[in-house]
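Chemist:
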Amino acid sequence: MKVKNSLRSLKERHRDCRVVRRKGRVYVINKTQRRYKARQG
């Protein structure tokens, strides 16, 4: 999982990437390509 300040570029790495808010943190998750995970902060 990558930790980045901004998730905009990470969201566009793959067409299945989704931006999700969980427990006050912002995540990028991908159900098909699980290596495209990231967290903001």
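Residues 423 to 463 in the working numbering are what the sequence shown lists, from first letter to last.
All C-beta atoms in this analysis are idealised placements derived from N, C-alpha and C, irrespective of residue type, glycine included.
All figures in this text were calculated on a predicted structure; none of them were measured in a lab.
Check this for me: beta carbons of K424 and R447, under 9 angstroms apart or not?
Modeler: No. Outside cutoff.
Chemist: Could you tell me the distance, in whole angstroms, from the CA atom of R464 to the CA atom of V450?
Modeler: The question about residue 464 has no answer, for the chain in this structure spans 423 to 463.
Chemist: Three-state secondary structure (DSSP) at K424?
Modeler: Three-state result, K424: strand.
Chemist: Would you please state the rounded distance, in angstroms, between the beta carbons of V441 and K433? I believe it to be under 8 angstroms.
Modeler: Confirmed, about 6 angstroms.
Chemist: Could you check what DSSP says for R440 in three-state terms: helix, strand or coil?
Modeler: If DSSP states are grouped into helix, strand and coil, R440 belongs with the strands.
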